[in-house]
Amino acid sequence: KRVGLGFLMEKEDRYLQGALDSLYGLIIGGGPKVSEKVPVVKNVIKNIAPGGFIVIGTGPVAAFLKNSHGIVIGQKPKDQDLKDAAAIESLARSRGVEILLPVDFIMADRDLTAAADGDKNWIDLKKIPEGTGIYTVTLDQLKAGSITLDDGTVVDTRALYAYHIGPRTPELFRQRLVGTPKAKSVF
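In the numbering used here, the protein residues as written are 13 to 199.
Here it is, written out as structure tokens:
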């Protein structure tokens, strides 16, 4: 059976195929279930040029940080998500593709987080008392297990919950994107 495509549809198909054939990066975000991202990554990574990258953001980052750095950022990744993240990391390494992870996070005290999100995995900032329990924490501070505040108070980062990437991460991602040979747009 013949299927007829209009000229614009055909042109769009050629454009999208061309974009896939010369892909330099992929951004993974959304919910924390890494298993939902594996089929996309497996299908697309073969088209990412060596030296390209995969940006890991939002929900999936918990599994990747646990695997690559042994860091828990509040969200406890499930065993299957850890396995799936490891599979993506292995596939990326085998293709010469870099995994880019956030370098800082906005974190809140776990008790404040629980009160503010009602176990919905999101934070209503209006419910967190102003000036209490919200910190910007770097990846190095997470590895060290604590941060020292200006007043000398030491905060155990294992008692914190990440709810947003920090202010340095988007700039570093932007710089990496600008440095790519085929980058057409930067966010």
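The beta carbon of each residue, even a glycine, is placed where N, CA and C say it ideally should be. From a predicted model like this one, the values you see are computed outputs, not experimental measurements.
Between the CA atoms of residue j and residue i - distance to the nearest angstrom
i    : j    : result
G157 : V149 : 10 Å
D116 : I177 : 6 Å
D93  : S47  : 6 Å
G108 : D96  : 18 Å
S102 : T165 : 40 Å
T169 : G64  : 32 Å
A61  : L38  : 11 Å
G69  : L172 : 18 Å
Which of helix, strand or coil DSSP assigns to residue i
i    : result
P72  : coil
V115 : coil
V109 : coil
K58  : helix
V2   : The question about residue 2 has no answer here: the residues shown for the chain are numbered 13 through 199.
L161 : coil
A195 : With a pLDDT of 45 at A195, under the threshold of 50, the modelled position of that residue is not reliable, and the figure given next carries that caveat. Coil, per DSSP.
Candidates the options, of which the one nearest residue i by Cα
i    : options                 : result
I146 : I159, D91 and A120      : A120
L112 : I118, S106, K90 and S80 : S80
A99  : I85, I118, K49 and I83  : K49
A104 : P179, G42, K58 and P182 : K58
A174 : L77, S106 and E110      : L77
R188 : I66, K54, G41 and D152  : I66
Assumed close pair residue i, residue j - CB separation to whole angstroms, cut-off 8 Å
i   : j   : result
A74 : P89 : 5 Å
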